[in-house]
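Structure, as structure tokens:
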Amino acid sequence: MVRYLDLAVLTTTALLSPVLGSLYARNSLVRRADVPAACQALQINGGNGGRKIGIVIDSSGSNADTDPNDIRVVAAKNLNDALISSAKATADKKADLVTVVDFDSYAVVLYPLGDPSGANAQIDTINSSGGTAIYDGVAKAIDELAKGSNVPTANLTGIVVLTDGQDGSTTALIREINRAGSLGIRVSFGFLDPSSSSAAAPNVLAAILKTGGIYSTISSASAQQSFVNLVFSNGITGSDAGSSVSNVLLPGIASAQFQSGSGSNTFTYSAQSGEALNFTIQALSSQTLDAVLKDKAAGTELNKTKTGTGGTGFMAYNVQQATELELVVTSGSTNASALFSVGMNSSLGVVNCSLPGSTPTNTTGGNGTLTPGSHTSPPPMQYTGGADVIGAGLLSLLGGAAFAVLL
Numbered sequence: 450m451v452r453y454l455d456l457a458v459l460t461t462t463a464l465l466s467p468v469l470g471s472l473y474a475r476n477s478l479v480r481r482a483d484v485p486a487a488c489q490a491l492q493i494n495g496g497n498g499g500r501k502i503g504i505v506i507d508s509s510g511s512n513a514d515t516d517p518n519d520i521r522v523v524a525a526k527n528l529n530d531a532l533i534s535s536a537k538a539t540a541d542k543k544a545d546l547v548t549v550v551d552f553d554s555y556a557v558v559l560y561p562l563g564d565p566s567g568a569n570a571q572i573d574t575i576n577s578s579g580g581t582a583i584y585d586g587v588a589k590a591i592d593e594l595a596k597g598s599n600v601p602t603a604n605l606t607g608i609v610v611l612t613d614g615q616d617g618s619t620t621a622l623i624r625e626i627n628r629a630g631s632l633g634i635r636v637s638f639g640f641l642d643p644s645s646s647s648a649a650a651p652n653v654l655a656a657i658l659k660t661g662g663i664y665s666t667i668s669s670a671s672a673q674q675s676f677v678n679l680v681f682s683n684g685i686t687g688s689d690a691g692s693s694v695s696n697v698l699l700p701g702i703a704s705a706q707f708q709s710g711s712g713s714n715t716f717t718y719s720a721q722s723g724e725a726l727n728f729t730i731q732a733l734s735s736q737t738l739d740a741v742l743k744d745k746a747a748g749t750e751l752n753k754t755k756t757g758t759g760g761t762g763f764m765a766y767n768v769q770q771a772t773e774l775e776l777v778v779t780s781g782s783t784n785a786s787a788l789f790s791v792g793m794n795s796s797l798g799v800v801n802c803s804l805p806g807s808t809p810t811n812t813t814g815g816n817g818t819l820t821p822g823s824h825t826s827p828p829p830m831q832y833t834g835g836a837d838v839i840g841a842g843l844l845s846l847l848g849g850a851a852f853a854v855l856l
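Here it is as structure tokens:
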């Protein structure tokens with residue numbers, strides 16, 4: 450059954466997000482009273498449970514700067530809450546199993562594979578100290594998920610890694626991603642990189658996407674929950690696979706994709722009146738790209754841009770009235786192994802939607818409603834998540850700030 454994500458968990462003004470971040474307690478996210486159109490656009494197959502999920506969380510020291518309010522911890526707990534515990538299980542929905550792995554200079558299994566109801570207490574112990582060994586976190590999660598269990602691994606298992614760090618061994622990371630893929634584990638990465646200073650190598654991106662997962666660069670800590678929304682919409686495991694989530698754009702997120710065999714990829718966004726948008730299109734392989742922004746209903750062209758070979762294109766659009774936008778990215782090449790990235794930022798800031806089964810609490814006092822300043826705030830800063838993040842440093846090791854989810 451397809452369900453709509455039906456609540457806004459968090460909305461911030463992009464330029465004020467560092468200040469507003471101080472409002473977030475470790476166990477809460479601020480909620481809006483309305484339901485953003487962007488949330489309505491996300492569809493999710495809630496699944497019937499019976500899955501094994503690994504949540505792998507970075508506790509390296511750099512998180513103190515990139516994620517000072519531990520929003521990755523909140524996002525991980527919301528993800529865990531959306532799983533089916535033994536108490537929630539019914540005749541039609543089997544209980545899920547979850548394991549929690551902490552990694553910095555090395556990885557430690559904090560919560561062995563078990564009922565989701567006990568995992569949040571261990572997630573809350575995550576701190577910010579040490580180095581970053583992403584591959585070791587992934588490896589230990591795979592080992593934990595693949596060991597003795599009556600639940601099969603193929604298409605029923607996912608690993609979620611939340612990190613802001615640099616893995617010293619791209620080779621080891623690719624090896625573990627490929628191992629996960631060989632076991633039928635869906636792999637998705639979302640890298641938190643507010644400084645836009647680094648990227649994953651193309652062979653890392655390709656390994657991730659070949660598992661059926663998604664790769665996204667996240668421009669601010671507060672957008673981490675948006676990435677979790679996309680992961681669930683895409684399907685937390687192969688058995689939960691969504692139909693078109695990779696074509697839905699969310700503010701603060703830049704997603705990499707394989708180029709369509711037809712040479713054309715289409716993305717959609719539910720825009721609100723008065724919203725100022727910036728788009729970044731980055732060619733990650735040796736191809737040139739043309740991008741056209743359209744009003745989907747009217748079919749009219751609103752703006753366009755193009756990239757050079759392996760280059761970057763930018764465009765902006767001020768929304769006059771609420772409408773469904775369509776971004777069509779076209780290449781003269783039909784090479785289905787070619788990679789590119791599309792990112793978007795909005796003057797409304799980040800819009801995060803609730804996950805099925807999760808009930809985020811509010812600890813800000815009063816009703817905790819935070820109304821976006823979309824009509825009074827200045828236009829958004831130019832979003833370069835798809836350009837600077839996945840640009841000149843593309844062939845380097847994983848670096849900078851990252852939020853990674855492997856499913």
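If you want this note's numbering, it's the 1-based position in the sequence shown plus 449.
Cβ coordinates follow ideal geometry from the N, Cα and C atoms, glycine included.
As the structure is a prediction and not an experimental result, all values here were calculated from the model.
CA-to-CA distance, residue j to residue i, given in whole angstroms
i: F638; j: N576; result: 21 Å
i: A746; j: T772; result: 8 Å
i: S709; j: G781; result: 11 Å
i: S508; j: Y664; result: 21 Å
i: Y718; j: Y584; result: 34 Å
i: A705; j: S790; result: 4 Å
i: Q731; j: K753; result: 14 Å
i: P561; j: G757; result: 49 Å
i: L654; j: A670; result: 21 Å
i: A531; j: I572; result: 15 Å
i: L797; j: G597; result: 47 Å
i: S823; j: A588; result: At S823 the pLDDT is 28, less than 50, meaning the model places this residue with poor confidence and gives no usable figure here.
i: L679; j: S786; result: 22 Å
i: L698; j: A570; result: 33 Å
i: A590; j: N794; result: 33 Å
i: S618; j: Y555; result: 13 Å
i: K501; j: K537; result: 16 Å
i: T779; j: G712; result: 6 Å
i: L528; j: T783; result: 36 Å
i: V505; j: Q769; result: 42 Å
Residue i (DSSP reduced to helix, strand or coil)
i: Q708; result: coil
i: G687; result: helix
i: Y584; result: helix
i: P829; result: Reliability fails at P829, whose pLDDT of 36 lies under 50, so the model's placement of it is uncertain and the value that follows must be treated cautiously. Reduced to three states, the DSSP call for P829 is coil.
i: V610; result: strand
i: G630; result: helix
i: G567; result: helix
i: T808; result: At T808 the pLDDT is 43, less than 50, meaning the model places this residue with poor confidence; the figure from the coordinates comes in the next sentence. In this structure, T808 counts as coil in the three-state DSSP scheme.
i: K755; result: strand
i: N576; result: coil
i: D530; result: helix
i: K537; result: coil
i: P725; result: Sequence inspection shows Ala at residue 725; the Pro mentioned does not correspond to that position. Here A725 sits in strand by DSSP.
i: K659; result: helix
i: T761; result: strand
i: Q674; result: helix
i: S786; result: coil
i: A595; result: helix
i: D744; result: strand
i: L679; result: helix
i: L562; result: strand
i: A408; result: In the structure displayed, the chain extends from 450 to 856; residue 408 sits before or after that span and is not available.
i: T749; result: strand
i: V697; result: strand
Proximity below 8 Å, CB of residue i to CB of residue j
i: V799; j: P700; result: yes
i: A568; j: Q673; result: no
i: K743; j: T737; result: no
i: V609; j: G503; result: yes
i: L611; j: R521; result: yes
i: G580; j: D613; result: no
i: L658; j: L733; result: no
i: P565; j: D592; result: no
i: S696; j: T666; result: The residue asked about is misnamed: residue 696 is Asn in this sequence, not Ser. No, the pair does not count as a contact, with Cβ atoms beyond the cut-off.
i: L559; j: V550; result: yes
i: G630; j: T606; result: no
i: R635; j: G687; result: yes
i: A740; j: G762; result: yes
i: A603; j: L632; result: yes
Residue burial classification, residue i (beta-carbon count within 10 angstroms, cutoff 16)
i: P601; result: exposed
i: G563; result: exposed
i: N767; result: exposed
i: D519; result: buried
i: S578; result: exposed
i: T899; result: Given a span of 450 to 856 for the chain in the structure shown, any question on residue 899 remains unanswerable.
i: A725; result: buried
Paired residues, beta bridge with residue i - DSSP
i: G639; result: S665
i: Y718; result: L774
i: D551; result: I506 and V557
i: S780; result: L738
i: G498; result: K543
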